[in-house]
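To start, the structure under review is shown below, and the notes come after it.
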Amino acid sequence: MDFQHSQASHCESGVMSTMLSHHGLPISEAMAFGLSSALSFAYLPIVKINGLPLVAYRMPPKFIIKGLQKRLGLKMRFETFRRPADGSRRLDELLAAGHIVGLQTSVFWLPYMPEDLRFHFNAHNVLAYGRDTTSGDYLLSDPVFDTPVSCAAGPLESARFAKGALAPKGLLYYPTEKPMPPDWSKAIPQALKKTTRIMLDTPLPIIGVRGIRRLAGAIERLAGQNDPAAAKMFIGQVVRMQEEIGTGGGGFRFIYASFLQEAADLLAQPRLNELAEALIEIGDEWREFALAAARMIRDREALAPASLADKLRQLAEREQAFFRDLRRAA
Amino acid sequence: MRDSDVPQEGNCTLGGHRKALYARGADGKLHMVQSTGWEVEEIVTRQAVDDLNRLAEEARQRVIAGQTSALEYHMHRTRMDLPMLAQTTGLWQWRIRRHFRPATFARLSTGLLARYAGVMGLSIEQLKKVD
């Protein structure tokens with residue numbers, strides 16, 4: 029079967045959507061994201077990226093693949109390699125056998141990425157679907173690009189065997205059985221409930237709605253440190269995680285709302301449509317927060333950590349109410 | 016976000032490529048819309064890139080002044096920091112910090128130089144000098 033590339037807003041849900049569609053189970057990116065309960069919030073002050081804390085609006089890498097395995101009863105095979113040469117040979121074998129293969133890569137080493145976005149992020153997912161017969165370059169479907177791309181063998185091997193946090197170790201994955209549609213009336217409510225549990229009940233104060241409040245506190249304390257440059261780097265980091273490539277905007281809130289709309293149709297539950305509306309408003313509010321933060325970074329507005337913290341507390345309040353409603357609806 | 020509100024502000028950090036966002040169409044349904052970028056993202060991405068460039072430039076000045084080794088310059092230039100370099104090379108941070116001394120760096124074995132050069136995607140020749 030011919031391979032069909034499609035653009036997505038997030039790499040992992042995009043790879044899974046394209047891979048499953050290729051194998052005969054057409055499933056949208058939003059459905060892949062929602063069904064695996066990938067929406068989240070986490071403020072991890074201990075994990076530092078270039079000295080700044082990690083803020084995430086979704087669950088950790090590989091969560092979508094693992095979550096879909098569970099909800100769809102999907103059988104996948106994962107392979108990692110100690111030696112790069114073995115990893116490349118195995119990839120060639122699979123491609124020669126006509127498979128399409130998911131790969132974990134580091135964006136820093138991918139030459140087709142825009143220069144300004146090539147940070148050391150080791151958990152970018154792409155699909156390999158063949159090799160160019162003349163140049164030997166790998167043909168890749170990178171979900172965040174609107175057309176397929178290609179990458180020479182050397183850089184791809186470096187990207188697959190990058191070291192450091194979340195090192196891919198050459199990870200490749202593919203389904204071993206034909207995926208089947210699940211019983212939506214069971215799978216969707218389970219996925220919804222899991223997301224509400226993550227957002228409302230995680231016993232750690234840095235995950236879910238409590239994480240948003242914790243982050244608000246941290247931003248408020250920036251005012252007392254009297255170091256505007258550091259404060260700007262901190263709030264810039266929060267916005268980068270929210271709006272950079274791969275979130276669908278509004279820190280994944282819009283993509284999840286799209287999943288809710290699909291779920292409303294599949295289950296004939298109009299209540300989920302109303303909840304999607306509420307979540308779109310929340311996403312818009314996240315974008316207002318990003319706009320205010322960016323204006324402060326550029327000094328178009330006076331740097332006021334307290335007002336950003338207030339915005340975050342409002343968001344926490346609204347998300348708490350939203351996920352409680354979602355729990356009742358599920 | 017309505018699809019007419021999707022920013023098309025030509026974010027230069029995207030290198031001309033368009034990203035996919037979710038926005039609401041006239042029928043109330045969310046769908047994917049291509050965006051050439053939002054100024055907000057450009058501001059925060061440039062902020063991060065500029066900060067890394069500043070660190071690299073400061074290190075370059077110190078290399079020229081003989082206060083640090085080319086290793087520190089290349090670490091910043093390849094967008095790493097000390098904990099990341101330690102993690103990727105498997106060396107202790109204090110050991111890397113020692114290699115920031117020009118005299119120590121000049122005596123490093125080819126093996127160690129190759130280790131640094133490997134994780135930075137440079138040749139040993141490139142690693143030894145600043146441009």
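These protein sequences, in sequence, are chains A and B. Each residue of the first sequence is one higher than the last, beginning at 29 in this note's numbering. Each residue of the second sequence is one higher than the last, beginning at 16 in this note's numbering. A virtual CB, placed ideally from N, CA and C, is assigned to each residue, including glycine. For clarity, every value in this text was computed on a predicted model and none was experimentally measured.
Check                                                                                                                                                                                              : Outcome
Once DSSP output is grouped into helix, strand and coil, what is the label at Val177(A)?                                                                                                           : strand
In its own chain, which residues sit with a C-beta less than 8 angstroms from the C-beta of Ile139(B), not counting the 5 before and 5 after it?                                                   : Thr125, Leu128, Ala129 and Ala132
Would you say Ile111(B) faces chain A, with C-beta separation under 8 angstroms as the test?                                                                                                       : no
In its own chain, which residues sit with a C-beta less than 7 angstroms from the C-beta of Pro360(A), not counting the 5 before and 5 after it?                                                   : Given a span of 29 to 358 for chain A in the structure shown, any question on residue 360(A) remains unanswerable.
With 8 angstroms as the limit, tell me which residues of the segment 53-69 of chain B have their beta carbon closer than that to any beta carbon of chain A; keep them in chain order.             : Trp53, Glu54, Val55, Glu56, Ile58, Val59, Thr60, Arg61, Gln62, Ala63, Val64, Asp66 and Leu67
Just to confirm, are His89(B) and Leu142(B) a CB contact at a threshold of 8 angstroms?                                                                                                            : yes
Note the first and the last residue of the continuous beta strand (DSSP E) segment covering Met104(A).                                                                                             : Met104 to Glu107
Considering only residues of the segment 74-159 of chain A, which uninterrupted alpha helix (DSSP H) runs meet the minimum length of 4 residues and lie entirely inside it, listed in chain order? : 91-100 and 112-124
Below 8 angstroms, how does it come out for the segment 142-156 of chain A and the segment 113-132 of chain A: are there three or more Cβ pairs, yes or no?                                        : yes
Along the chain, where does the alpha helix (DSSP H) that runs through Ala393(A) open and close?                                                                                                   : Nothing in the structure corresponds to residue 393(A), since chain A is present only between 29 and 358.
Please check if any C-beta of chain B sits within less than 8 angstroms of the C-beta of Pro142(A).                                                                                                : yes
Alpha carbon to alpha carbon, how far is Thr28(B) from Ala320(A)?                                                                                                                                  : 20 angstroms
Quick one: residues in its chain with C-beta nearer than 7 angstroms to the C-beta of Gln23(B), no 5 flanking neighbours on either side, listed in chain order?                                    : Ser50 and Thr51
Would DSSP call Thr298(A) helix, strand or coil?                                                                                                                                                   : It is Pro, not Thr, that sits at residue 298(A) in the sequence shown. Three-state result, Pro298(A): helix.
What residue ranges within the segment 177-257 of chain A form continuous beta strand (DSSP E) runs of no fewer than 3 residues, ordered along the chain?                                          : 177-179 and 200-203
Alpha carbon to alpha carbon, what distance is there between Arg110(B) and Val266(A)?                                                                                                              : 32 angstroms
Reducing DSSP to helix, strand and coil, say where Phe115(B) ends up.                                                                                                                              : coil
Across which residues does DSSP place Gln49(B) in a beta bridge pair?                                                                                                                              : Ala35(B)
Using the rule of at least 16 other Cβ atoms within 10 Å of the residue's Cβ for burial, across every protein chain shown, is Ile79(B) buried or exposed?                                          : exposed
Could you tell me whether the segment 196-215 of chain A touches the segment 100-113 of chain A, where touching means 3 or more Cβ pairs closer than 8 angstroms?                                  : yes
Less than 8 angstroms separating the beta-carbons of Asp65(B) and Arg39(B)?                                                                                                                        : no
Name, please, each residue of chain E whose Cβ falls closer than 8 angstroms to the Cβ of Lys144(B).                                                                                               : The structure shown has no chain E; the protein chains it does contain are A and B.
Rounded to whole angstroms, what's the CA-CA distance from Arg112(B) to Met261(A)? Just pull it up for me.                                                                                         : 24 angstroms
May I have the straight-line CA-CA distance separating Val145(B) from Ala85(B), to the nearest angstrom?                                                                                           : 6 angstroms
Going along the segment 302-332 of chain A in order, which residues come within less than 9 angstroms of chain B, judged by CB to CB distance?                                                     : Ala304, Glu305, Ile308, Gly311, Asp312, Arg315, Ala318, Leu319, Ala321, Ala322, Arg323, Ile325 and Arg326
Give me the DSSP bridge partner(s) of Ala322(A).                                                                                                                                                   : Partner(s): none; Ala322(A) has no beta bridge.
Spell out the partners DSSP gives Arg268(A) in its beta bridges.                                                                                                                                   : Its beta-bridge partners do not exist; DSSP assigns none.
Quick check on Ala66(A): does DSSP put it in helix, strand or coil?                                                                                                                                : coil
Measuring only the C-alpha atoms, how far is Glu305(A) from Ala285(A)?                                                                                                                             : 7 angstroms
Mapping the DSSP letters down to three states, classify Ser45(A) as helix, strand or coil.                                                                                                         : helix
Let me know if Thr103(B) comes out buried or exposed under the rule of 16 or more other beta-carbons within 10 Å of its beta-carbon.                                                               : buried
From the beta carbon of Ala285(A), is the nearest beta carbon of chain B less than 8 angstroms away?                                                                                               : yes
Would you mind working out which of Phe115(B), Glu87(B), Arg61(B) and Met135(B) sits nearest Leu145(A), comparing C-alpha positions?                                                               : Arg61(B)
What does DSSP give as the partner residues of Ser5(A) in its beta bridges?                                                                                                                        : The question about residue 5(A) has no answer here: the residues shown for chain A are numbered 29 through 358.
Measuring CA to CA, which of Pro89(A), Ala251(A), Arg111(A) and Ala291(A) is closest to Ala358(A)?                                                                                                 : Ala291(A)
Could you give the distance in angstroms between the alpha-carbon of Gly79(A) and the alpha-carbon of Ala322(A)?                                                                                   : 20 angstroms
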